[in-house]
Every structure is written in C-alpha cells, then in structure tokens.
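Chemist: Sequences listed follow chains A and B, in order.
Sequential numbering of the first sequence, starting at 544, is according to the working numbering.
Sequential numbering of the second sequence, starting at -7, is according to the working numbering.
Got a structure for you, questions after.
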Amino acid sequence: MFNKKELEEIAADNKRWQRIFKESVSKTPERLKRFSTVSGRPIQNLYTPLDLRDLDYSKDIGLPGQYPFTRGVQPSMYRGRLWTMRMFAGLGSARDTNKRFHLLVNEGQTGLSTAFDMPTLMGYDTDSPRSRGECGRCGVAIDTLKDMEILFEGLPIDRITTSMTINPPAAVLWAMYIAMAEKRGISRKVIGGTIQNDMLKEFIAQKTFMCPPEPSMRLITDTIEFGTNEVPRWNPISISGYHIREAGSTAVQELAFTLADGIAYVEAALKRGMDVDSFAPRLSFFFNSHLDFFEEIAKFRAARRIWAKIMKKRFKAQDPRSLWLRFHTQTAGCSLTAQQPYNNIIRTTLEALAAVLGGTQSLHTNSLDEVLALPTEEAATIALRTQQIIAEEVGIANTIDPLGGSYFLERLTNDMEEEAFAYITKIDEMGGMVAAIEKNYPQLEIADAAYQYQKQIDEKEKSVIGVNKYVTGEELPVEILQIEEELERNQIEWTNEVKSSRNNSKVKAALQRLGEAAQGDDNLMYPIVDAVKAYATEQEICDVFRTVFGVYRDPGVY
Amino acid sequence: MNKKRRLRVLVAKPGLDGHDRGARIIARAYRDAGFEVVYTGLHQTPEEIVQAAIQEDVDMIGLSSLAGAHMYLFPRVVELLKERGAHDIVVCGGGIFPEEDIPKLKKAGIKEIFTPGTPLTEVVAWVEQNVEARR
C-alpha cells in the first residue's frame, strides 16, 4: 500500500520513535511484563505501515461484496439491512418456549433461534432412563411433531427464519419443522432457516453424540443434498467454531478447526457427486465473539478471506456466493462470571460490538444471568436491547468495515490467516478432519489451551474482574428462572397421549423403511420426514440410527 | 516406612450434559497435584459412575454438572454408593448451581460444592484436607 521510498522513511521514523519509547518506559515502566491477547498472542507497542509491507489493497482487502471479501460478503452490508437479531431461546415445554418466542418477536427480534434440552439434543425421549432429571432444563423438550407444532404456533414462519441448534438428530428435528410448516400450508420451498448439523465440532467440542463419525458424515451429506433439492432457502449446516472456543481453544484454533471442518463437509458432498456451486452457497458458519476486541474482529475478517480462497482455489467454485462465508455470532458464554453478574452486560456489549465490526450476518447476545441459569424474560430483553442500541444509536453501522485499514487490525488479520492455514495444512497431512478427530488431535490441542488459560487466571496473569481482581465477596441478588418439578412428568404423559392417538402400524412401517434405507445408500431425509409425519418420536427414529450405525462413546481424553 | 498410597480420584460427568471443559481441567489439576486420576468421559449414568468408582477403588468422586440436572443426578450417586456399601467414598461436585440448591445437595451427602471462579489450587487443597486414602 506504500511505495519503497515511503516505507524507508517510515522505517527511519519508527526507529527513532522506538528509542523515545524505550527512554520513556525506562522512567515509567510498562504496566505489564508481557502484553498479549486472551489467546496469548503477543502484541507490539505500535503498528505502522511497516506491518503491512507486503499487503496489496485490491488483492488482500478489496471491497465489500468482492473477493476476497475481507470487508464483508454483501456490497451494501449494514447500509442495506442490519444483521439479524436472533436470540437463542428454549426452556421447559414447547408451550413455555412458544411464549418466550412471542415475547422476543414483539420486542423487535428479527429471527428465531431454538435451544433444545439435553434429551432432545442427544436423540432421547423424555421417558428414557437416560433423560431423568434433564427435561426442559437447558432448552425446550421436543419428543414428537406435536411439540414442534406447539413450539411455532402463531409465529410467522413464512416470513421469519428459524435457527435450530441441534446436531446428532438434526435431520429429525428439521423433518419435524418441514412437516409442521407443511401442515400449516407453507411449502418447504418457502421456509428459511438453519440447522446446526455440524457433527465434527461435536466430536471436538460440544459433545452431543449419537453415531460414530463416518455414518454421521453420511447423515449430514444426506441433509445437504436434500436441502439443495427440496428446501432451497434453508442452510442445512452451520459450521461452528463457537463451541470449540467455549471449550477453551484460542482464536486461531477456533478459526482453523472450523474451516477444516468446512473442508471435510465440502469434500463429502463432492464425493457424493454434487456440484460445488449447487450446495456451497447454503453452507453457513457460526463463530464466538470473545473479549479480546481486535483479535475477534480480525478473526471474522480472516475467516471470510480464508474461506473465499479455499472455495476458489481448492474447490474451484465459480458462483461468487459459493465463496461467501456468512456467519452467525454468539457472544462468549465462557467470558461471563457468576460473580458480580451485572458486569456481564458490559462484557456482552463489547463482544457484540466486535461481532458487528467483524461483519456478522446474525447475532445472539448472552443474557447477564446465563452463567447461572436459563435467562429470565427481563435479562433476555436487556440482551436484545444491547443489539438494538448498537444498531441504532452509536452509528457504527453507518459505514462498512469502519476499522478496515487499521495497521493493527490488518496485521492481526494477516497473522491469523497465516496461522490458521498452518493448522489446516497440518490437518490435511493427518488425512483430514475425521482422521484428526479419531487421533484426538483437535480435542487435545484445545484441552492444552484451556488448561493454560485457567492457570493464567489462577496466577492472575489474566484479569477477570470480580473473580481474581476487584473481588467484593458480596453477591448482587439476581432473579433465577426456575423450571417446574412437574414438567418432566407432564411431558411424559403428554407424549404417551400422542403415542396412543397415532396410527401405530403406520409408525412401525415408516421406521422399518427408514431402517432399510439406512442400510443402503438412499437419502435418509425422505423416510425421516415420513416417520415424523406419522408422529414417530425423536428417540424411535434415533434408535434406528443407533441400531444400524452404532453408538459413539466419549474417549474421555484430558 | 508406612507411606500412605496416593489418593485415587474419579472425575465423572453424570447425565447428558456435554460441558466437559471444567471436568477435564480439574482432572489435569488433580493429576498435576499427584493424585491418581480416573476420568469417566461424558454421558454416564449414576449407576455407571458408582460401578466405576468401586471397580477402580477410588477415595473420592468429583461430579461435574452444568446443565441443570444435578438435583437428581448428584444425590442418586450418593444413594447408590450407600446401597453398594461404599459410603466412605467422598463425593464432591462442581459446576453451575442455583444458590438455593447448594445446601440441599450438601444435605443429600455431597461433601462440598465448587462454583465457577474457584481457583484450581483451592480445589486441590480441599481434597488434600478432606479426603484420605481408604486403605
């Protein structure tokens, strides 16, 4: 961006300035022995054009909506349309969560996002012995299509998109959503939304399990193929770094492992015989926005650039939309503290700001009480208001990529891209992500980083306000959302009622067809949709997978 | 020389909760403190945890839960230990718990509860002071 002569002058000036700086800190020493990011990346005292010596503006940064998309995927970005405000919500029964959805939509949220309880996430019904004590505790309990119908009652799903955080049984919950829409007379061609459906990061980090990696990849590829042919406005996968980061990874590990997972899914779809441009535009991503402001913004910008390069150079995609890395962001749950919980509002605000400056397409802001329990209505509303204030009061959505060109930010973006590519090459050499996971490679890399970080906090090398610094010992009372004791019993009774009113021979036949398809190569989405329409329960369907494909067990490495 | 054997601890994740960052960090901290550590991995039923504890002849079980099912799962582990005549195995827990659940868990026989923000050194020191090798 600067010519040789300019750079020489800047270098000379900089050398002089570094001497002045050194003199100054010899009188007043620097605050810290080492300045570093949350991820442990060392940070210089100053960034100048010298850090961007080899940077070519048009080639490396470019313009919004143009390759390599460093400044954003759409040409108009937030000048056209703001990001989707999509609050992750789910609690108790389908009825309880439906009420919360209505509240959030009435308060101005622009997309829906569903949190399921643990049995639903793992493919068990509420009446399974493994589900004891878990019903509705960390999300909504869904056993059958009936629950899905209640969950979205009265919500305009022909206009508003829905995200569902669901992985091993993603195909089943998606089938329920499609069936629910069709019962309401809304075509599968019209509905829009996202299923998370990213099993590789489950093995790495979030750890809801059902079947081993190979058959999991088959199920995912079935959904990508089905989506491409049948549900064109749906994102059949949300390739997620969020949970990798929550498990304790560094920012670069989050970036690299997520994109390496993306490569594995693209390769699986290509192996199926699909054309890259038929499915790539519907691949979506999901990142964490952690506390280290500039590192996070750089991560989002680097992610777009890396993915565009991978899709163009490695997979020879032609459609520009295939090169787009569109992503949802959630602020970092693991950065919140149980101590002095009101401080969490400030942490979330700063993280949300980084996500917006990083060009996110959609955002969830955590509630201040999410470190303690599921959010109350009041706390969830404050979190939504946080986004609305950022969008409408502070002016940062007035121009596109306002921090682009910052010496510090561009240097960070370059460094993170380079480091992420080094990880991706290493994973390629291991035989790809599935092979790397089987060797526990990403799992142990993350465990190392998490342990290092915890030790830094214990040794006060990293500050956590209210935990290892400015501790008051006095806790502010925060109201906690309670899940009623009778919920589990009621849900079991309700599902039994559904089971006794359905046509059981129809269910049996549908499950048998599904089992046969699972043993062969047919796309499983069609028999799954038939089974949910007959009101087969989630577990009845997942038990077919577990029987045919086997069950994955946690290797328990630490 | 009558040297006591090293403490043996079982770190366990009961129920369907997949949040294992804390459990795995604690397992490493115990290991670095010189304990013999057995980690069950995720998604264990109380029955499986108690079976592992008896089979591995541990002195303590550390239970980790962050998804809200602790009020059933933790007391169930203590109950099963009693049934199997292994009531001398100390049980403690860590994770996210509403304030009012903590006295209830202690009453149910969970000897100590650790909440977010507790330094590793404190968790290790508690074990050293409160758990003895059973034989």
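The beta-carbon is built from N, C-alpha and C at its ideal position, and this holds for glycine as well.
(1) Anything in the segment -4 to 25 of chain B with a Cβ closer than 7 Å to a Cβ of chain A? List those residues in chain order, please.
(2) When we look at the beta-carbon of Gly77(B) and count the other beta-carbons within 10 Å, is it buried (16 or more) or exposed?
(3) Please confirm whether Gly33(B) has its beta-carbon closer than 7 Å to some beta-carbon of chain A.
(4) Looking at Glu960(A) and Ala845(A), is the spacing between their C-beta atoms short of 7 Å?
(5) With burial defined as no fewer than 16 other Cβ atoms inside 10 Å of the residue's Cβ, what is the status of Ala117(B): buried or exposed?
(6) According to DSSP, simplified to helix, strand and coil, what is Ser910(A)?
(7) Might you give, ordered along the chain, the residues of its own chain that have their beta carbon closer than 8 Å to the beta carbon of Gln995(A), omitting 5 neighbours on each side?
(8) Short of 8 Å in beta carbon distance, which residues of its chain neighbour Asn1033(A), apart from the five on each side in sequence? Order them along the chain.
(9) Using only the alpha-carbon positions, how far apart do Ala21(B) and Glu120(B) sit?
(10) For Tyr1078(A), which option in Lys1042(A), Asp1097(A) and Gly1099(A) has the closest C-alpha, if you only look at C-alpha atoms?
(11) Along the segment 737 to 762 of chain A, where does the CB come closer than 9 Å to a CB of chain B? Name the residues.
(12) Return no unless some Cβ of chain B is closer than 7 Å to the Cβ of Ile849(A).
(13) From Ala125(B), Ala59(B), Val82(B) and Lys98(B), pick the residue whose C-alpha is nearest to that of Leu917(A); which is it?
(14) Does the Cβ-Cβ distance between Leu34(B) and Asp51(B) come in under 7 Å?
(15) Would you verify that the beta carbon of Asp1097(A) is, or is not, closer than 7 Å to some beta carbon of chain B?
(16) Show which residues of chain B have a CB atom less than 7 Å away from the CB atom of Arg673(A).
(17) Whose Cβ in chain A lies nearer than 7 Å to the Cβ of Leu73(B)?
(18) Please work out which residues of its chain come closer than 6 Å, Cβ to Cβ, to Leu1024(A), disregarding the five sequence neighbours upstream and downstream, and give them in chain order.
(19) With 16 other CB atoms within 10 Å as the buried threshold, where does Thr771(A) fall?
(20) So which of Ala934(A), Gln986(A) and Pro1070(A) has the shortest CA-CA distance to Thr653(A)?
(21) Report the neighbours of Ile88(B) on chain A: residues whose CB is nearer than 9 Å to its CB, in chain order.
(22) Please report the Cβ distance between Met1068(A) and Phe769(A), rounded to the nearest whole angstrom; I am assuming they are in contact, meaning their Cβ atoms lie under 8 Å.
(23) One question on the structure: do Tyr1101(A) and Arg16(B) come within less than 7 Å of each other, judged by their Cβ atoms?
(24) Cβ closer than 7 Å: which chain A residues qualify as neighbours of Leu65(B)?
(25) Using a Cβ-Cβ distance under 7 Å, would Phe1088(A) count as near chain B?
(26) Considering only their Cβ atoms, is the gap separating His79(B) from Leu73(B) smaller than 7 Å?
(27) Using three-state DSSP, classify Gln36(B) as helix, strand or coil.
(28) Please check the pair Ile782(A) and Gln796(A), which I expect to be a contact at CB under 8 Å, by giving their CB distance rounded to whole angstroms.
(29) Would you say Gly510(A) faces chain B, with C-beta separation under 7 Å as the test?
(30) When you check each C-beta in the segment 976 to 988 of chain A against every C-beta of chain B, which residues fall closer than 8 Å?
(31) Quick one: is Tyr966(A) buried, meaning 16 or more other Cβ sit within 10 Å of its Cβ, or exposed?
(32) Does chain A have any CB closer than 7 Å to the CB of Ala100(B)?
(33) Taking only three categories from DSSP, how would you classify Phe659(A)?
(34) Any beta carbon from chain B within less than 7 Å of Gln930(A)'s own beta carbon?
(35) Let me know if Lys750(A) comes out buried or exposed under the rule of 16 or more other beta-carbons within 10 Å of its beta-carbon.
(36) Tell me where the alpha helix (DSSP H) around Phe837(A) begins and ends.
Modeler: So, from the data block:
(1) Look at the segment -4 to 25 of chain B: the residues with a C-beta under 7 Å from a C-beta of chain A are Gly7, Leu8, Asp9, Gly10, Asp12, Arg13, Arg16, Ile17, Ala19 and Arg20.
(2) Classification of Gly77(B): exposed, given that the 10 Å Cβ count is below 16.
(3) Cβ-Cβ to chain A under 7 Å: yes for Gly33(B).
(4) Yes, these two residues count as a Cβ contact at 7 Å.
(5) With fewer than 16 other Cβ atoms within 10 Å, it is exposed.
(6) Ser910(A): coil per DSSP, three-state reduction.
(7) Counting only Cβ-Cβ distances below 8 Å, and skipping sequence neighbours, we find Gly583.
(8) Here the set comprises Ser636.
(9) About 13 Å.
(10) It is Lys1042(A).
(11) Contacts with chain B (Cβ-Cβ distance below 9 Å) from the segment 737 to 762 of chain A involve Glu745, Ala748, Gln749, Lys750, Thr751 and Phe752, listed in chain order.
(12) Not one chain B Cβ lies under 7 Å of Ile849(A).
(13) Of Ala125(B), Ala59(B), Val82(B) and Lys98(B), the residue nearest in Cα terms is Ala59(B).
(14) Cβ distance not < 7 Å, so Leu34(B) and Asp51(B) don't count as in contact.
(15) At least one beta carbon of chain B lies nearer than 7 Å to the beta carbon of Asp1097(A).
(16) Simply Leu8 and Thr37.
(17) For Leu73(B), no chain A residue has a C-beta closer than 7 Å to its own C-beta; the minimum C-beta separation is roughly 18 Å.
(18) Only Ala916, Leu917 and Thr919 meet the Cβ criterion.
(19) Thr771(A) is buried by the Cβ-count criterion.
(20) Considering only alpha carbons, the answer is Ala934(A).
(21) Those within 9 Å of Ile88(B) in chain A are Ala881, Val914, Leu915 and Ala916.
(22) In this structure Met1068(A) is in contact with Phe769(A), their Cβ atoms being roughly 4 Å apart against a cut-off of 8 Å.
(23) For the pair Tyr1101(A) and Arg16(B), the CB atoms are nearer than the 7 Å cut-off.
(24) Those within 7 Å of Leu65(B) in chain A are Gly676.
(25) Output row for Phe1088(A): interface = no.
(26) Contact flag set, yes.
(27) In this structure, Gln36(B) counts as strand in the three-state DSSP scheme.
(28) 15 Å between Cβ atoms; not a contact.
(29) In the structure as shown, chain A starts at 544 and stops at 1101, and residue 510(A) therefore has no counterpart that could be examined.
(30) So nothing in the stretch comes that close.
(31) The residue in question, Tyr966(A), is buried, as its Cβ has 16 or more Cβ neighbours within 10 Å.
(32) No, because no Cβ of chain A sits closer than 7 Å to the Cβ of Ala100(B).
(33) Note: Phe659(A) maps to strand in three-state DSSP.
(34) No, Gln930(A) does not count as interfacial toward chain B.
(35) When all chains shown are included, Lys750(A) counts as buried.
(36) For Phe837(A), the enclosing alpha helix (DSSP H) covers residues Phe836 to Lys852.
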